[in-house]
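Participant:
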Amino acid sequence: MVHFMTRIENRLKHIEEQVNKIDKVQHDLTLLLSRVRDIEDKFGALSCQTRDLEHSAEAIGQMFDSVKAQTDRHESDISVLKSQANRSDSVALSVELEKAYEERHELRSIVTDLQCRSMKANLVFNGLSENVREDTEALVRSFLYNELDIQDVEFGNVHRFGKRKQDRPRPIVARFLYQSQHSLVLSRSYLLRGTRYGVNEQFPSAVEEIRKKLYPVAKRLRRLNHKVKFVRDKMYVDGVLYTGEESVETTQGFSTADQPMSTRTHYSDRRDAKRRRQSSTPLSPAGSPASTSRQDNSVKSGKDGHNQTGTTRCQTTGVPISEQTSDETHVKSAD
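The numbering of the sequence shown is this note's numbering, which starts it at 2 and goes up by one.
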């Protein structure tokens, strides 16, 4: 009996222990449930915050799209404005450049004209032997007397120009005080054909380069019995301004009257201007035997516009037009 009671008591203790454990587990479960509820509450709050963030992100995305669209429109407008500004600047720059080119061309023309005027009374003598202590003016006077039978010439100044070369003497440029003497020397330059000497008019380098290109054409046209005349850097064929190979072909067999009025007027103006310039040049003293002889010789040699060797002469002045000129006549005359 006692043993039975002991066993019952042990079982009761065991049951109490188990009940205590169950109570503890239940307590733990209660705490766990409370924590789970807290977590659920927090998760719910987080879900709400997440939804709010999603709404905010969506609003921000829409705002970004709107800003991007506006930015694209602004960039397009800026590109259009830049294009218009560049176009206007380009047009303005083109106008300025064209104006500058025109002014530059006009200034070059003025400078070339002034150079031609300053060289009008000059002649270039080639082939005259050069010495270190020479009297250049006396050398030219001796040359004119011995080769061209001309004396009593009045010079402004006479000097050599260009770089010294061992194989040939430098040319000499001489400024004549009287146009009649200048023309007389030119009219007798045909006497130098076949010799090592040469006499040419002096022109600026720009004019001389153009004339060099025209000399072969002039030779060919003269062989075809065309009348060729040079006026500075322009060549006239049968009284018509030469502008190229085609113009030569079209002018064959045509007189000046068959050409456009603008061309004939231009040629007439140039001829009249040349006459006026010649009339303003001081002449040698009238009545002197030397002056009369020079004028008579000039008129005789230029009567029909050609000399006895076939040299073409200017129809206005009777002065022969040189077909060749020295490369060294490009330099300006030193007054």
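By construction, the Cβ of each residue, glycine as well, lies at the ideal position given by its N, Cα and C atoms.
Helix, strand or coil, according to DSSP, for residue 122 in the structure here?
Facilitator: Counting from 1 along the sequence shown, the entry for residue 122 is found at position 121. Residue state, collapsed to three classes: coil.
Participant: Would you kindly work out how many angstroms separate the C-alpha atoms of residue 157 and residue 90, rounded to a whole number?
Facilitator: By one-based count along the sequence shown, residue 157 stands at place 156. By one-based count along the sequence shown, residue 90 stands at place 89. Computed Cα separation, rounded: 54 Å.
Participant: Would you tell me roughly how many angstroms separate the C-alpha atoms of residue 43 and residue 23, rounded to the nearest one?
Facilitator: Start at 1 with the first residue of the sequence shown, and residue 43 comes out as number 42. Start at 1 with the first residue of the sequence shown, and residue 23 comes out as number 22. Distance between the alpha carbons of residue 43 and residue 23: 29 Å.
Participant: Any contact between the segment 178 to 193 and the segment 144 to 162? By contact I mean 3 or more CB pairs, one from each, below 8 Å.
Facilitator: The segment 178 to 193, when compared against the segment 144 to 162, does touch it at the 8 Å Cβ threshold.
Participant: Can you list, in chain order, the residues of its chain whose CB lies under 8 Å from that of residue 137, leaving out five sequence neighbours each side?
Facilitator: The count along the sequence shown starts at 1 and reaches residue 137 at position 136. Result list for residue 137: 159, 160, 161 and 173, in chain order.
Participant: Roughly how many angstroms lie between the CA atoms of residue 168 and residue 224, to the nearest whole one?
Facilitator: In the sequence shown, counting from the first residue as 1, residue 168 sits at position 167. In the sequence shown, counting from the first residue as 1, residue 224 sits at position 223. Whole-angstrom Cα-Cα distance: 33 Å.
Participant: Distance check for residue 9 and residue 341, CA to CA, integer angstroms please.
Facilitator: Past the edges of the chain, shown from 2 to 336, lies residue 341, and the structure says nothing about it.
Participant: Report the residue ranges of all beta strand (DSSP E) runs contained in full by the segment 86 to 168; include only those spanning at least 3 residues, in chain order.
Facilitator: Listed in chain order, the complete beta strand (DSSP E) runs (minimum 3 residues) inside the segment 86 to 168 are 123 to 127 and 156 to 161.
Participant: Using C-beta distances below 8 Å, list every residue in its chain close to residue 171, excluding the 5 sequence neighbours before and after it, in chain order.
Facilitator: In the sequence shown, counting from the first residue as 1, residue 171 sits at position 170. 131, 161, 162, 163, 164, 165 and 329.
Participant: Just confirm the distance between the C-beta atoms of residue 123 and residue 182, as a whole number of angstroms; I'd bet it's less than 8 Å.
Facilitator: Mapped onto the sequence shown, residue 123 falls at position 122. Mapped onto the sequence shown, residue 182 falls at position 181. At roughly 12 Å, the Cβ-Cβ gap does not stay under 8 Å, so residue 123 and residue 182 are not in contact.
Participant: In whole angstroms, give me the CA-to-CA distance for residue 220 and residue 214.
Facilitator: Within the sequence shown, residue 220 is the residue found at index 219, counting from 1. Within the sequence shown, residue 214 is the residue found at index 213, counting from 1. Roughly 11 Å between the two C-alpha positions.
Participant: Let me confirm a value: residue 190 is counted as buried when at least 16 other C-beta atoms fall within 10 Å, else exposed. Which label applies?
Facilitator: Residue mapping note: residue 190 aligns to position 189 of the sequence shown, counting from 1. Answer is buried; the Cβ neighbour count reaches 16.
Participant: The alpha helix (DSSP H) spanning residue 216 covers which residue range?
Facilitator: If you number the sequence shown from 1, residue 216 lands on position 215. Taken as a continuous stretch (DSSP letters only), the alpha helix (DSSP H) holding residue 216 covers 206 to 224.
Participant: Does DSSP classify residue 199 as helix, strand or coil?
Facilitator: Residue numbering aside, residue 199 sits at position 198 when the sequence shown is read from its first letter. DSSP places residue 199 in strand when its eight states are reduced to three.
Participant: Following the continuous beta strand (DSSP E) through residue 228, name the residue where it begins and the one where it ends.
Facilitator: Start at 1 with the first residue of the sequence shown, and residue 228 comes out as number 227. From DSSP, residue 228 is part of no beta strand (DSSP E); its letter is neither H nor E.
Participant: Which one of 177, 126, 235 and 133 has the shortest CA to CA distance from residue 411?
Facilitator: For residue 411 there is no data in the structure shown, the boundaries of the chain being 2 and 336.
Participant: Report the residue from 218, 241, 212 and 216 whose alpha carbon sits nearest the alpha carbon of residue 233.
Facilitator: As a first step, residue 233 is located in the sequence shown; it is residue number 232 there, counting from the start. Considering only alpha carbons, the answer is 212.
Participant: Compute the Euclidean distance between the alpha carbons of residue 12 and residue 39, then round it to the nearest angstrom.
Facilitator: Locating residue 12 in the sequence shown gives position 11, where the first residue counts as 1. Locating residue 39 in the sequence shown gives position 38, where the first residue counts as 1. Approximately 40 Å, taken between the alpha carbons.
Participant: Whose C-beta lies closer than 8 Å to the C-beta of residue 109 among residues of the same chain, with five residues either side of it excluded?
Facilitator: The count along the sequence shown starts at 1 and reaches residue 109 at position 108. Correct list, in chain order: 207.
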